[in-house]
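A.B. asks: Just so we're aligned: 311 in my numbering is position 311 of the sequence shown, and the numbers increase by one with no gaps anywhere. Pasting a structure here, questions to come.
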Amino acid sequence: MNVTVEKTSNVEGKIIVNVVEADYADKVKKELRNIGQKHPLPGFRAGHVPMDQLKKRFGRQVKSDVLNDEVYRAVIEYIRENKLHVLGEPMPVEKKEVNLEDKDYTFEYFIGLAPELGLTVDTNDKLPYYEIEVSKEMMDEQDNSLRERFGAQVPGEEVDAKAVVKGALMQLNDDHTVNENDGAIQVINGILAPFTFTDDEQKALFLGKKVNDKVVFNPFKATNGNAVELASMLNIDREIAADIHSDFEMAISEIIVVKQAEHNQEFYDNVFGKDKVKTEEEYEKALREMIAGGLVGNSQAWFEHDYQDYFVKKYDNMELPVEFLKKWLVASNEELTAENIDEEFAKMLPSIKWEMVKGALQQALDVKVEEKDVLDHAKAIAYRQFAQYGITNMDEATITDTARRILADKNYGPRIAEQVADIKLSQAIMNAITVEKKTVTLDEFKKMVGAA
């Protein structure tokens with residue numbers, strides 16, 4: 001089998017495959033024999049069907065299938081061995097039926113080629129990197145959040161913004177008298193968390209209330225009609241919950257509030273792990289680093305936005321196989337047609353150009369992703385998942401096992417590998433270019449991003 005490439009332009013070409021009988025004859029016979037073994041014909045026993053009968057019945061289809069399979073495999077192998085950077089997939093120049101009498105064949109495939117950008121990355125390329133300042137307000141807010149998370153639930157004197165309320169719930173009539181009819185809803189040991197209500201007016205009805213106070217509220221409004229939440233709140237079947245629009249009266253018998261944790265060794269250990277922080281000074285430093293670490297993602301995402309925009313504009317005059325790409329996209333996407341491809345392609349063009357630049361950047365900077373890189377990233381994800389539940393000292397074996405299960409997900413795993421590649425590319429760009437670091441407040445950063 002002879003495979004050659006014929007370039008019709010800098011970014012388009014044809015792969016030509018010349019096939020002779022020796023390239024496929026044995027495979028065709030083998031497939032026909034397999035059919036004879038599995039599909040007996042009238043008048044013949046399985047495995048004893050003459051070859052001429054098999055050729056007569058199945059020859060055209062088998063020969064066509066074998067040829068198409070072998071030729072396409074040869075095309076893909078040629079692309080791989082010759083390191084052709086093709087866009088999309090090879091497309092047959094024409095679809096034609098195989099003539100059973102022919103012995104030699106020629107197949108042609110259109111290909112689109114990635115443009116040669118001549119891309120360079122060095123210190124002459126200058127980009128800003130915005131570091132977000134950790135303010136006192138951020139420190140106070142994070143400290144309060146951590147102290148609440150690791151605090152204790154204790155009896156309270158009045159309902160605050162995070163309180164849980166216990167007491168009896170009584171369904172009311174339209175005139176706000178207690179409904180004493182058969183089937184009226186009464187919950188003797190009701191438990192409410194007003195801070196979870198979706199309606200702010202219903203939340204406000206409870207604020208400042210004390211034990212023995214009574215509150216009239218509307219559960220339907222409080223839950224925005226969510227049948228599951230209503231059923232749980234009123235101890236009724238979910239099927240009827242969404243039809244309950246009445247007001248209810250709650251007689252408060254107990255108020256549970258969160259007592260914030262004190263700054264002590266137990267608190268430090270809960271937040272940062274055993275004996276990693278021992279003093280108030282170390283706590284403030286670790287807290288600042290925690291917040292700064294959480295802000296890095298924002299800075300990094302904006303840096304990625306900046307360098308994508310910068311390099312795409314720098315190489316915006318790239319030559320693309322536009323007509324090939326349009327035909328391939330129409331052939332491979334049901335939503336795209338000859339009528340709408342021009343409009344849709346215009347929308348895709350920026351991302352197509354970025355993919356071209358991204359590939360050139362990865363090659364120029366020798367960005368490679370190793371298995372360990374992907375596993376380490378998945379372990380970081382696993383650690384954050386445990387931390388969300390207040391578990392910050394999970395053992396290494398469990399973290400690793402969780403990471404491997406995350407990577408085993410056929411949808412999530414490939415995305416993580418892509419994320420790692422993007423992270424490594426960002427780091428490689430930062431190391432190669434001139435980065436001008438600038439410190440901004442969170443408000444300044446939001447304003448800058450919002451204006452983009």
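All residues carry an ideal CB built from backbone N, CA and C; glycine is no exception.
1) Within the continuous beta strand (DSSP E) that includes Leu329, where are the two ends?
2) For the alpha helix (DSSP H) containing Phe272, list its first residue and its last residue.
3) Go ahead and label Lys368 buried or exposed: buried means 16 or more other beta carbons lie within 10 angstroms of its beta carbon, across all protein chains shown.
4) What's the gap between the Cα of Ala331 and the Cα of Phe324?
5) Between the alpha carbons of Val20 and Ile433, how many angstroms are there, rounded?
6) Would Tyr24 and Glu70 be called neighbours here (beta carbons separated by less than 7 Å)?
7) Specify the secondary structure class of Leu336 as computed by DSSP and reduced to three states.
8) Please classify Ile188: does DSSP put it in a helix, a strand, or coil?
9) Any idea which residues DSSP pairs Glu108 with across the strands?
10) Quick test of the definition: if touching needs 3 or more C-beta pairs under 8 Å, does the segment 134–146 touch the segment 281–294?
11) Quick check: is the beta carbon of Asn333 nearer than 7 Å to any beta carbon in chain B?
12) So what's Pro128 in DSSP terms, helix, strand or just coil?
13) When every heavy atom of the ligand FMN is checked, does at least one fall within less than 6 Å of the C-beta of Tyr383?
14) For Ile15 and Val28, which I take to be in contact (beta-carbon distance under 8 Å), what is that distance rounded to the nearest angstrom?
15) Am I right that Val11 and Gly112 are in contact with their C-beta atoms under 8 Å? What's the rounded C-beta distance?
16) Any contact of the segment 346–353 with the segment 139–146, i.e. 3+ C-beta pairs under 8 Å?
17) I'd like the list of long-range same chain contacts for Gln153, defined as Cβ closer than 8 Å, with 5 residues on each side in sequence excluded.
18) Checking 7 Å against the spacing of the C-beta atoms, do Ala364 and Leu119 come in under that value?
19) Just curious, the beta strand (DSSP E) that Ala152 is in, first and last residue?
20) Please return the same chain residues whose Cβ sits closer than 8 Å to the Cβ of Ala74, not counting the five positions on each side in sequence.
21) To which residues of the same chain is Pro115 closer than 8 Å at the C-beta, ignoring the five residues directly before and after it?
22) Cα-Cα, which of Phe220, Asn212 and Val211 is closest to Lys203?
23) Using 10 angstroms around the beta-carbon of Gln171, count the other beta-carbons present and answer buried if the total reaches 16, otherwise exposed.
24) Which class does Asn82 belong to by DSSP, given the choice of helix, strand or coil?
25) Can you tell me where the beta strand (DSSP E) holding Val217 begins and where it ends?
26) Distance check for Phe248 and Asp213, CA to CA, integer angstroms please.
27) Can you round the beta-carbon distance between Met91 and Phe110 to whole angstroms, since I take them to be within the 8 Å contact cut?
28) How is Gln171 classed by DSSP in three states: helix, strand or coil?
29) Is it the case that the segment 377–392 contacts the segment 401–413, given that we only count it when at least three CB pairs across the two stretches are under 8 Å?
30) Can the beta-carbon of Phe197 be found closer than 7 Å to that of Ala222?
31) Relative to the C-alpha of Val312, which candidate in Phe345, Gly294, Val296 and Leu349 has its C-alpha closest?
32) If you draw a straight line from the C-alpha of Gln385 to the C-alpha of Ile399, how long is it?
33) In chain order, which alpha helix (DSSP H) runs of at least 4 residues are fully inside the segment 379–422?
34) Per DSSP, what are the beta-bridge partners of Ala286 in this structure?
35) Mark Ala360 as exposed unless 16 or more other C-beta atoms lie within 10 angstroms of its C-beta, in which case mark it buried.
36) Can you tell me which of Leu67, Met139, Glu77 and Glu81 puts its alpha carbon nearest to the alpha carbon of Tyr105?
C.D. replies: With the given structure in hand:
1) Here residue 329 corresponds to residue number 329 of the sequence shown, with the count starting at 1. From DSSP, Leu329 is part of no beta strand (DSSP E) but of the alpha helix (DSSP H) over Val322 to Ser332.
2) On the sequence shown, residue 272 is found 272 positions in, with the first residue counted as 1. Per DSSP, Phe272 belongs to the alpha helix (DSSP H) from Gln265 to Phe272.
3) Reading the sequence shown from its first residue, position 368 is the one you call residue 368. Label assigned to Lys368: exposed.
4) The residue labelled residue 331 in the question sits at position 331 within the sequence shown. The residue labelled residue 324 in the question sits at position 324 within the sequence shown. Approximately 11 Å, taken between the alpha carbons.
5) Taking the sequence shown and counting its residues from 1, one reaches residue 20 at position 20. Taking the sequence shown and counting its residues from 1, one reaches residue 433 at position 433. Their backbone Cα atoms lie some 53 Å apart in a straight line.
6) Start at 1 with the first residue of the sequence shown, and residue 24 comes out as number 24. Start at 1 with the first residue of the sequence shown, and residue 70 comes out as number 70. Their beta carbons are under 7 Å apart, which means Tyr24 touches Glu70 by this criterion.
7) Here residue 336 refers to the residue found at position 336 when the sequence shown is read from its first residue. Three-state result, Leu336: coil.
8) Walking along the sequence shown from the start, residue 188 turns up at place 188. Strand.
9) For this step, residue 108 is matched to residue 108 along the sequence shown. DSSP output for Glu108 lists Ile16 as bridge partner(s).
10) yes
11) No chain B appears in the structure shown, which is made up of a single protein chain.
12) For the purposes of this step, residue 128 is taken as residue 128 along the sequence shown, with counting starting at 1. It is a strand residue.
13) Judged by which ligands are present, the structure shown has none, so any question about the ligand FMN falls away.
14) Position 15 of the sequence shown, counting from 1, holds the residue named residue 15. Position 28 of the sequence shown, counting from 1, holds the residue named residue 28. 23 Å between Cβ atoms; not a contact.
15) Along the sequence shown, one-based indexing puts residue 11 at 11. Along the sequence shown, one-based indexing puts residue 112 at 112. Indeed they touch by this definition, with Cβ atoms about 6 Å apart.
16) no
17) In the sequence shown, counting from the first residue as 1, residue 153 sits at position 153. For Gln153, where only same-chain residues beyond five positions count, the Cβ hits under 8 Å are Val164, Ile256, Val257, Val258 and Lys259.
18) By 1-based counting over the sequence shown, the position of residue 364 is 364. By 1-based counting over the sequence shown, the position of residue 119 is 119. Cβ atoms of Ala364 and Leu119: closer than 7 Å.
19) For the purposes of this step, residue 152 is identified with residue 152 of the sequence shown, where counting begins at 1. Here the beta strand (DSSP E) through Ala152 covers Ala152 to Pro155.
20) To locate residue 74, count along the sequence shown from 1; it is residue 74. Answer for Ala74: Met1, Val3 and Val17, listed in chain order.
21) By one-based count along the sequence shown, residue 115 stands at place 115. Hits under 8 Å: Asn10, Val11, Met318, Glu319, Leu320 and Met356.
22) Position 203 of the sequence shown, counted from the first residue, corresponds to residue 203. Per the Cα distances, Phe220.
23) On the sequence shown, position 171 is the one that residue 171 refers to. Flag for Gln171 reads buried.
24) One-based indexing of the sequence shown puts residue 82 at position 82. Reduced to three states, the DSSP call for Asn82 is coil.
25) Here residue 217 corresponds to residue number 217 of the sequence shown, with the count starting at 1. Here residue 217 turns out to be Phe, not Val, going by the sequence shown. Residues Lys214 to Phe217.
26) Against the sequence shown, residue 213 aligns to sequence position 213. Against the sequence shown, residue 248 aligns to sequence position 248. Cα to Cα, the separation comes out at about 14 Å.
27) Within the sequence shown, numbered from 1, the residue matching residue 91 stands at position 91. Within the sequence shown, numbered from 1, the residue matching residue 110 stands at position 110. About 5 Å separates the two Cβ atoms, so the contact holds.
28) The residue you call residue 171 lines up with position 171 of the sequence shown. Reduced to three states, the DSSP call for Gln171 is strand.
29) yes
30) For the purposes of this step, residue 197 is taken as residue 197 along the sequence shown, with counting starting at 1. For the purposes of this step, residue 222 is taken as residue 222 along the sequence shown, with counting starting at 1. Yes, they are a contact pair.
31) Against the sequence shown, residue 312 aligns to sequence position 312. Taking only the C-alpha atoms, the option nearest Val312 is Leu349.
32) The residue labelled residue 385 in the question sits at position 385 within the sequence shown. The residue labelled residue 399 in the question sits at position 399 within the sequence shown. If I take the Cα positions, the gap works out to 10 Å.
33) 396–408
34) Counting from 1 along the sequence shown, the entry for residue 286 is found at position 286. Its beta-bridge partners do not exist; DSSP assigns none.
35) Taking the sequence shown and counting its residues from 1, the one referred to as residue 360 is at position 360. Buried, since its Cβ has 16 or more Cβ neighbours within 10 Å.
36) Taking the sequence shown and counting its residues from 1, one reaches residue 105 at position 105. The shortest C-alpha separation from Tyr105 is found at Leu67.
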